[in-house]
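S.K.: Here our numbering is used: the first residue of the sequence shown is 256, the next is one more, and so on. I am attaching a structure below and will ask some questions about it afterwards.
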Amino acid sequence: MSVADHCLRSRNYLNLIVIDKQPQLQWLTMGEAQAHCARGAGVWPMYSSQPETPDIVLACAGDVPTQETIAAAWLLRRLAPEVKVRVVNVVDLMRLCPADRHPHGMSDAEFGEIFTASTPVVFAFHGYPGVIHDLLHGRSAHERFHVRGYMEEGTTTTPFDMVVLNEMSRLHLCLDVMRYVPHSLAANDELVAHCKRLLVEHETYIREYFDDLPEIRDWAWSD
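Shown next as structure tokens:
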């Protein structure tokens, strides 16, 4: 609603709003959403297990990637609580650019405050992964960003199956976290087994019931 309000109030711009037909969860209050959209990007401490000194940054841009990222953070809290996670959401993609490349670009200091200076970042994006890498060009240590996005996979299928086919599901994001966190934290067999088992169960279930698994379809954040 905050983005729509901004678009409707703006003048001398061409705004295009794209939204899907699926139910959407609400992550912020209206006041929080307005403040976040004004910044364009920021840390969401309410979904982070340890926003101050993270082992991994889970970043996202887009409605479905945001849901999958927060669901991944929720899974990590339960099955890998030793991994310190920071959740970052990006509304204005141009904020990722260096300040000398775009007027909305962040300074190096602000960028470091949000993404840290050296922590691995798993970034879920609703478009092509290369877009994020292009926007990050010129940032120091940009190779620590590992982007999941649209891979031109999909057909008439369930909502969750679309993200599974493009390897951007909460389960793929959790497996990425285990791949990029320090080795001492990555030996979490329970989380890896859970993610791989659910991917197999998902494939079987949608072919029998033409719907997503209830624990996926009905998921909501809980502390």
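We put the beta carbon where it would ideally sit given N, CA and C, even for glycine.
(1) State the beta-bridge partners of phenylalanine 415 as determined by DSSP.
(2) For glutamate 445, count neighbouring C-beta atoms within 10 Å of its own C-beta (all shown protein chains included) and say buried if the count is 16 or more, exposed if not.
(3) Short check: CB of leucine 390 to CB of leucine 351, under 8 Å?
(4) Going by Cα to Cα distance, which pick from Asp260, Phe415, Arg264 and Arg403 is closest to valine 432?
(5) Of all the CB atoms in chain C, is at least one closer than 8 Å to the CB of glutamine 305?
(6) Using only CA atoms, which one of Lys451, Arg462, Glu463 and Val436 lies nearest to aspartate 310?
(7) Could you tell me the boundaries of the beta strand (DSSP E) in which cysteine 315 lies?
(8) Roughly how many angstroms separate the alpha carbons of leucine 269 and histidine 261, rounded to a whole number?
(9) With distances taken Cα to Cα, identify the nearest neighbour of isoleucine 471 among Ser424, Val447 and His438.
(10) Hey, out of Val447, His357 and Thr413, whose CA is closest to histidine 427's CA?
(11) Could you tell me which of Asp478, Val377, Leu420 and Arg333 sits nearest to threonine 324, measuring between CA atoms?
(12) By Cβ distance below 6 Å, which residues in the same chain neighbour phenylalanine 415 in space, the five residues on each side in sequence not counted?
(13) How big is the Cα-Cα spacing for serine 373 and leucine 348?
(14) Sort Val419, Asn443 and Pro384 by Cα distance to glutamate 456 and report the nearest one.
(15) Which class does methionine 406 belong to by DSSP, given the choice of helix, strand or coil?
(16) Rounded to whole angstroms, what's the CA-CA distance from phenylalanine 380 to aspartate 318? Just pull it up for me.
(17) Please state whether DSSP places glycine 297 in a helix, a strand or coil.
(18) If you drop the 5 nearest sequence neighbours on each side, which residues of the same chain put their C-beta closer than 8 Å to that of histidine 359?
(19) Where do the N-terminal and C-terminal ends of the beta strand (DSSP E) with phenylalanine 378 fall, by residue?
(20) Anyone know if the C-beta pair for valine 340 and leucine 331 falls short of 8 Å?
(21) So, using beta-carbon positions, are valine 343 and valine 298 closer together than 8 Å?
M.R.: So, to answer that:
(1) None; phenylalanine 415 has no bridge partner.
(2) exposed
(3) yes
(4) Arg403
(5) Here chain C cannot be found, since the structure has a single protein chain.
(6) Val436
(7) 311-316
(8) 12 Å
(9) Just measuring C-alpha positions, the residue of Ser424, Val447 and His438 sitting nearest isoleucine 471 is Ser424.
(10) Val447
(11) Val377
(12) Asp467 and Ile471
(13) 20 Å
(14) Val419
(15) coil
(16) 9 Å
(17) strand
(18) Gly295, Asp347, Met349, Arg350 and Cys352
(19) 376-380
(20) It is a contact, given that the beta carbons lie within the stated cut-off.
(21) yes
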